[in-house]
Amino acid sequence: MARAALLPVALLLCLAMASSADAGRKTVGVYELKNKKGDFSIKVTNWGATLMSVIVPDSNGNSADVVLGYDTVAGFVNGSSYFGALVGRVANRIAKGRFVLDGITYHLYTNDGNNTLHGGLRGFSKVIWTVKEYVPSGDSPYITFYYHSFDGEEGFPGALDVYATYQLSGSYDLRIRMNATALGKAKATPVNLANHAYWNLAGHGSGDVLGHQVRVRASRYTPVDDESMIPTGEVAGVAGTPYDLRRLTPLGSRVGLVSAGGAAGFDVNYAVEGDGFRPVAYVREPVSGRAFELWADQPGVQLYTGNWLRNEKGKAGAVYRQHGALCLETQGFPDAVNHPNFPSVIVRPGGVYKHHMLFKFSSPEQRSVL
């Protein structure tokens, strides 16, 4: 979602080594989950609790990997686009890398111009997570990752115990559950986790997603300052604007009408209708027939159309270019810590943050529309 901080490879490798040292004997691995039929599977790694691949059949039963990424874990270590990563402690942007909480001003590492993006220089996407449970097959295969975030990490107050679970809960259902418990008795902290998968339902190396059809269940969005990409604080209606995706709409009919940070395309947070666990969006690629419904329990969802992808070398020799994927990141509102009118992302000591996502892929036999 938006411009990634471009960091020197050497620096990223140093971060990886530092993370390994902090983790003791933890090693980085790749783990696969597969449904009973064998035609739906994912691969994940405990580097950044990252979703590496999602293989799902099209309407003719032909399988393809539909998320962008790299062939090896080293690619994710050195990459700068957050492909498939779990981002935090606070996803999206925090203006000027600062916020005030309980009368104390906190200063964060700024890695996106003057702003903090996706948790800072060494966010949750750039650390090694512990594998707590791994059930690779059966009726409901799953894997659970754990990470302890210490008080003061990247400037954030308070310690957290964080868990992320990937689960194949049905024939073609992918669930992602995230939760974080604020430890100690003294310090509250902001928490806003997000999965940053880049989707191309025609296949990860098949070109742009302008032919994808998208529906978002939102009548409002949070406009941003186009230069800083920080919300203005307004929650505006989408009616009469190119951001209105309440009906199934080809992305190619809108990307030239919207822009973010100087690049054509969507990079916007929508205020999702309703409360609780509910439908958020629907995506369909008409040629392959692949589609998914996205359900979640968060107040917002960021739609990003890969505006800043620039000849990124990915899996199997693919080259990812502008608009080569779309992201749907369910989340709290961006920069919520600095906008009291936005839904709060603050977790008090002893409190638990919870985030539940469900991608319901249509089967080869089923072509339902949300």
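Taking mature numbering (1 follows the signal peptide of the UniProt record, and there is no 0), I'd label the letters of the sequence shown as residues -23 to -1, 1 to 347. Glycine included, every Cβ here is placed at the ideal spot set by N, Cα and C.
- Under the DSSP assignment, asparagine 284 falls outside any beta strand (DSSP E); it carries neither an H nor an E label.
- A residue is called buried once 16 or more other Cβ atoms fall within 10 Å of its Cβ, and aspartate 35 is buried on that count.
- Between aspartate 150 and lysine 13, the C-beta gap is not smaller than 7 Å, which leaves the two residues out of contact.
- Cβ-Cβ distances below 7 Å link tryptophan 24 to Val5, Val50, Phe53, Val54 and Ile105 in the same chain, with the five nearest sequence neighbours on each side left out; the list follows chain order.
- Between the C-alpha atoms of asparagine 169 and leucine 305 there is a straight-line separation of about 15 Å.
- Judged by their CB atoms, leucine 187 and leucine 225 are not nearer to each other than the 7 Å cut-off.
- A distance below 8 Å between beta-carbons, with the five flanking residues on each side excluded, links proline 118 to the following residues of its chain, in chain order: Leu10, Lys11, Asn12, Val112, Gln144 and Leu145.
- Residue ranges of uninterrupted alpha helix (DSSP H) with 4 or more members are absent from the segment 146 to 222; none lies entirely inside it.
- Annotation for phenylalanine 319: no beta strand (DSSP E) segment contains it, and DSSP assigns it neither H nor E.
- Residues Gly182, Asn288, Glu289 and Lys290 of the same chain have their beta carbon placed closer than 8 Å to that of valine 296, with the five preceding and five following residues left out of the count.
- Between the segment 160 to 177 and the segment 319 to 330 there are three or more C-beta pairs closer than 8 Å, enough to call the two in contact.
- Only residues of its own chain outside the window of five on either side were considered, and among them Val212, Gly214 and Ala248 have a CB closer than 6 Å to the CB of arginine 197, listed in chain order.
- Just measuring C-alpha positions, the residue of Tyr86, Leu28, Gly38 and Leu45 sitting nearest glycine 283 is Leu45.
- Straight through space, the alpha carbons of aspartate 252 and valine 67 are spaced by roughly 21 Å.
- Out of Gly233, Tyr124, Gly184 and Gly129, the CA that lies nearest to the CA of asparagine 156 is found in Tyr124.
- Arginine 261 has Gln190 and Ala268 as its beta-bridge partners, per DSSP.
- Ranking Asp244, Ile19 and Ser340 by CA distance to the CA of serine 265 puts Ser340 first.
- Within its own chain, the residues whose Cβ lies closer than 8 Å to the Cβ of threonine 107, once the five positions on either side in sequence are excluded, are Ala(-1), Lys3, Asn23, Phe122, Tyr123 and Tyr124, listed in chain order.
- For valine 232, the three-state secondary structure derived from DSSP is helix.
- Listed as beta-bridge partners of arginine 255 by DSSP are Ala273.
- A straight line joining the alpha-carbon of glycine 180 with that of alanine 41 spans about 6 Å.
- Within its own chain, the residues whose Cβ lies closer than 7 Å to the Cβ of aspartate 79, once the five positions on either side in sequence are excluded, are Ala165, listed in chain order.
- In this structure, the alpha-carbon of alanine 293 lies about 7 Å from that of aspartate 48.
- Looking at the backbone, the Cα of glycine 161 and that of lysine 103 are separated by about 25 Å.
- The Cβ atoms of arginine 70 and proline 311 lie closer than 7 Å to each other.
- By the neighbour-count definition (other C-beta atoms within 10 Å, threshold 16), aspartate 244 is a buried residue.
- Of the other Cβ atoms in all chains shown, 16 or more fall within 10 Å of the Cβ of serine 58; this residue is therefore buried.
- Spanning the alpha carbons of glycine 97 and methionine 334 requires a straight line of approximately 24 Å.
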